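Visitor: Protein chains in written order, with my numbering: chain A, 3 to 509; chain B, 274 to 407.
The beta carbon of each residue, even a glycine, is placed where N, CA and C say it ideally should be.
Treat the numbers as computed from the prediction; the structure is a model and nothing was measured.
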Amino acid sequence: MEPQFLPAAIAAHAPALLVMIPLILSAPAAMITSGRVAWGMTVLGIGSALVLALEIFLATRAEGAVLSYAMGGWEPPLGIEFRIDALNAALLLLLGSTGLLTVLFAGPSVADEISRQKRSLFYSAFLICFAGLSGVASTGDAFNLFVFLEISSIATYAIIAMGWSKDRQALTASFNYLVMGTIGATFFVIGVGFIYMTTGTLNMADMGRAIADLNGNRAVEVGFAFILVGIGLKAALFPLHQWLPNAYAYAPNFVTTFLATTATKVAFYVIIRFSYDVFSIGTGFVTNAMIWVITPLAIAGMLVASTQALFQNNVRRLFAYSSVAQVGYMMLGLGMATSLGLSAGMLHLINHAMMKGALFMALGAFALSYGIRRIEDFKGLGQVMPVTSAAFTIGALSLVGVPFTVGFISKFYLIQAALDAGWWWAVAAILISSVIAVFYVYRILVAIWVTPLDEARKTSPKRVPLAIAVPLAVLAGANLVFGVWAEPIVDMARAAADAAIAAGVNP
Amino acid sequence: MLEILGDRFTFAVILVLMMVGLYAVIATGNLVKRMVGLSIFQTSVFLLYIATAKVTGGGPAIFDYSDLAAGTIPPDAVYANPLPHVLILTAIVVGVATLAMGLALVVRIREVYGTIEDDELSEIDHDDELKRGV
Chain A
3 MEPQFLPAAI
13 AAHAPALLVM
23 IPLILSAPAA
33 MITSGRVAWG
43 MTVLGIGSAL
53 VLALEIFLAT
63 RAEGAVLSYA
73 MGGWEPPLGI
83 EFRIDALNAA
93 LLLLLGSTGL
103 LTVLFAGPSV
113 ADEISRQKRS
123 LFYSAFLICF
133 AGLSGVASTG
143 DAFNLFVFLE
153 ISSIATYAII
163 AMGWSKDRQA
173 LTASFNYLVM
183 GTIGATFFVI
193 GVGFIYMTTG
203 TLNMADMGRA
213 IADLNGNRAV
223 EVGFAFILVG
233 IGLKAALFPL
243 HQWLPNAYAY
253 APNFVTTFLA
263 TTATKVAFYV
273 IIRFSYDVFS
283 IGTGFVTNAM
293 IWVITPLAIA
303 GMLVASTQAL
313 FQNNVRRLFA
323 YSSVAQVGYM
333 MLGLGMATSL
343 GLSAGMLHLI
353 NHAMMKGALF
363 MALGAFALSY
373 GIRRIEDFKG
383 LGQVMPVTSA
393 AFTIGALSLV
403 GVPFTVGFIS
413 KFYLIQAALD
423 AGWWWAVAAI
433 LISSVIAVFY
443 VYRILVAIWV
453 TPLDEARKTS
463 PKRVPLAIAV
473 PLAVLAGANL
483 VFGVWAEPIV
493 DMARAAADAA
503 IAAGVNP
Chain B
274 MLEILGDRFT
284 FAVILVLMMV
294 GLYAVIATGN
304 LVKRMVGLSI
314 FQTSVFLLYI
324 ATAKVTGGGP
334 AIFDYSDLAA
344 GTIPPDAVYA
354 NPLPHVLILT
364 AIVVGVATLA
374 MGLALVVRIR
384 EVYGTIEDDE
394 LSEIDHDDEL
404 KRGV
């Protein structure tokens with residue numbers, strides 16, 4: 003690849019290094035005893051991943067550019083290939099940037115929630131999780147994708163369970179996620195097995211070519227169904243989302259912030275990759291799956307999960323249900339099976355990371371200062387923690403889709419895409435779901451700003467550390483800046499969608 | 274029907290194992306038994322891969338050097354496809370890691386809750402939430 007700003011020797015191996023640096027750093031991070039040093043190493047690891055992701059992003063910016071990296075020098079399709087185009091380059095950039103912001107936030111948050119002896123092990127598991135997610139986002143080999151998926155998932159189960167010191171329910175939440183996640187991953191392997199049996203290849207681009215030549219084969223179609231269900235579980239596609247609310251509600255604050263901004267997004271990317279590239283979206287079979295399976299589930303998710311969010315008192319669980327609803331918006335874009343729809347879905351994927359990042363990070367700051375998580379406890383917080391509350395409010399307004407926030411931009415494009423496809427009922431569903439979002443956000447905002455302050459909270463709070471204040475401000479600011487100056491994000495989403503569709507037409 | 278069963282006996286066995294595993298995951302309330310079910314389910318998928326790789330009469334893909342004059346495999350050679358075997362070796366490692374992680378969680382759940390029965394756990398969780406007023 004053409005080096006952009008890094009030295010050529012590093013740039014040439016950027017796709018491999020992006021995964022390897024966090025993975026290798028996880029070993030020494032587990033061995034040292036100081037949590038602070040382990041945190042430093044994590045920041046270093048994720049920071050370098052961000053730099054490499056930026057390099058890759060710039061290298062794949064040209065239209066139709068595909069970066070192929072032969073792992074270990076074994077040429078694809080026999081060897082394992084890392085294949086990056088505008089679609090996964092955007093995802094890697096998102097992973098790196100939100101990853102770095104949440105890791106900065108992790109320092110004080112983890113120090114508060116996790117016992118001293120466990121901190122370095124925690125960071126080690128997190129690095130493995132990050133490496134796994136970047137691996138899923140960059141690999142071009144279907145079985146390799148499964149391995150990376152499980153690497154990240156197993157590490158995720160561990161770091162979710164670490165929330166048990168604050169609330170023991172983290173353990174059962176993590177166990178349920180483990181059972182569901184493993185079934186999902188195994189379904190994915192069954193699906194890949196069916197496709198491998200029929201096409202004789204594991205390279206995803208090669209599979210795409212072979213499947214296009216087959217012209218409809220029942221075994222391959224069954225494989226697609228298995229993959230859709232398996233990854234749908236990981237992506238929390240309604241009604242396969244049962245693991246998510248408790249996992250998000252009881253995991254350490256940092257883990258929730260990271261998962262909400264990245265994990266389901268990566269699974270969503272895998273669905274795009276398989277339905278648009280490995281299976282071509284033009285074929286009647288895949289289009290039918292999108293319109294008759296994905297779209298109804300997406301709309302059901304938007305409405306049902308938003309309604310469930312209304313009845314939650316635990317704020318983190320409330321936003322977890324809202325996340326399921328937001329996955330519905332992304333899936334709706336995907337389900338339209340048009341270029342406009344897919345780019346609206348990608349746009350919402352990026353924007354949702356910004357809103358939920360800001361929201362969960364602000365919740366983390368509240369938890370750090372007062373150790374609270376129920377709506378009743380938020381009474382009058384706006385008076386004692388005005389800046390954090392303001393950042394939270396920006397995230398919440400963005401979630402609803404108020405103009406001049408990113409949430410408005412993604413809903414605008416989503417509605418435009420739905421109208422373009424002639425789906426007025428999808429527009430109605432988006433609007434209804436947004437109105438429900440107004441209600442659940444309203445409850446919290448009223449508690450924060452309007453209700454008088456609790457006597458118990460009159461004592462001035464712990465100052466929010468800089469490591470939380472800065473990333474929170476960046477995320478909240480991004481919600482506003484990209485809400486007004488939307489071109490860069492919209493262009494990125496459009497390029498990603500075009501790359502996905504182009505790769506499907508001529509793999 | 275019987276003919277199909279005779280021809281595809283391996284697949285019938287795999288299917289039965291798969292259903293037994295999934296059923297155990299869903300039906301039992303005991304967390305350890307749930308992990309056992311999960312392992313059976315995964316193992317059935319391993320068998321699925323291996324069954325497709327095996328060719329009647331085929332051995333491992335190892336050839337006598339004297340046959341490999343031009344560096345090619347003799348055209349009439351019959352051998353099992355090694356790739357699925359390698360894949361499944363990896364999948365077994367993943368499965369073991371998942372099992373270890375799951376059992377570690379079960380041990381911790383037993384320590385913290387004093388039970389590993391799902392219905393009792395949900396009851397305790399529910400009581401916890403009521404106590405905290407969540």
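Quick one: list the residues of chain A neighbouring B/Ala370, beta-carbon separation under 9 Å, in chain order.
Guide: Glu152, Ile153, Ile156
Visitor: Would you mind stating whether A/Val326 and A/Gly303 have Cβ atoms separated by less than 8 Å?
Guide: yes
Visitor: Taking only beta-carbon positions, decide if B/Val224 is within less than 8 Å of chain A.
Guide: Chain B is shown from 274 up to 407; residue 224 of chain B falls before or after that span and cannot be answered.
Visitor: Could you check the C-alpha separation between A/Leu106 and A/Val408 for me, to the nearest Å?
Guide: 23 Å
Visitor: List the whole-angstrom C-beta distance separating A/Ile438 from A/Thr309, where the pair is believed to meet the contact cut-off of C-beta under 8 Å.
Guide: Yes, A/Ile438 and A/Thr309 are in contact; Cβ-Cβ is about 6 Å, under 8 Å.
Visitor: Would you say B/Ala364 reaches chain A, if we count a Cβ-Cβ gap shorter than 8 Å as a contact?
Guide: Cβ-Cβ to chain A under 8 Å: yes for B/Ala364.
Visitor: Hey, is B/Glu281's beta-carbon within less than 8 Å of any beta-carbon in chain A?
Guide: Residue identity differs from the one stated: residue 281 of chain B is Arg in this sequence, not Glu. No, no contact with chain A.
Visitor: Determine the contact status of A/Leu102 and A/Gly49, defining contact as a CB-CB distance below 8 Å.
Guide: yes
Visitor: Could you work out which residues of chain B lie near A/Gly165, taking near to mean beta carbons separated by less than 9 Å?
Guide: Chain B residues near A/Gly165: none, gap ~12 Å exceeds 9 Å.
Visitor: Can you list the alpha helix (DSSP H) stretches of 4 or more residues lying completely in the segment 271-339 of chain A, in chain order?
Guide: 286-290, 297-312, 317-337
Visitor: Give the DSSP-derived three-state secondary structure of A/Leu69 in the structure shown.
Guide: strand
Visitor: Who are the near neighbours of B/Ala285 in its chain, counting only those whose CB is closer than 6 Å to its CB and skipping five residues on each side?
Guide: Leu278
Visitor: For A/Phe441, name the three-state secondary structure that DSSP assigns.
Guide: helix
Visitor: Looking at the secondary structure, which residues open and close the alpha helix (DSSP H) in which A/Glu152 lies?
Guide: Segment 144-163, the alpha helix (DSSP H) holding A/Glu152.
Visitor: Going by the beta-carbon positions, is the gap between A/Pro78 and A/Asn205 smaller than 8 Å?
Guide: yes
Visitor: Using DSSP's beta-bridge definition, name the partner residues of B/Tyr352.
Guide: As a beta-bridge residue in DSSP terms, B/Tyr352 pairs with B/Gly332.
Visitor: So the beta strand (DSSP E) A/Glu83 belongs to, where does it begin and stop?
Guide: 83-86 is the span of the beta strand (DSSP E), which, as asked, contains A/Glu83.
Visitor: So, with DSSP's three-state summary, where would you put A/Arg376?
Guide: strand
Visitor: With DSSP as the reference, please indicate the residues paired to A/Glu223 in a beta bridge.
Guide: None; A/Glu223 has no bridge partner.
Visitor: Compile a chain-ordered list of the residues in the segment 375-400 of chain B whose CB is closer than 9 Å to at least one CB of chain A.
Guide: Gly375, Ala377, Leu378, Val379, Arg381, Ile382, Val385, Tyr386, Asp391, Leu394, Ser395, Ile397, Asp398
Visitor: Which residue wins for smallest C-alpha separation from B/Asp392, given the options B/Leu320, B/Thr301, B/Leu356?
Guide: B/Thr301
Visitor: Taking all protein chains shown into account, decide if B/Ala334 is buried (16 or more other Cβ within 10 angstroms of its Cβ) or exposed.
Guide: exposed
Visitor: In chain order, what residues of the same chain lie with their CB nearer than 7 Å to the CB of A/Phe504, ignoring the 5 residues before and after it?
Guide: At residue 504 of chain A the sequence reads Ala, which differs from the Phe that was named. Cβ neighbours of A/Ala504 beyond the five flanking positions: Gly66.
Visitor: Which residues in chain B sit within 9 Å of A/Tyr159, going by Cβ to Cβ distance?
Guide: Thr371, Met374, Gly375, Leu378
Visitor: Just to confirm, is the Cβ distance from A/Val268 to A/Ala139 under 8 Å?
Guide: yes
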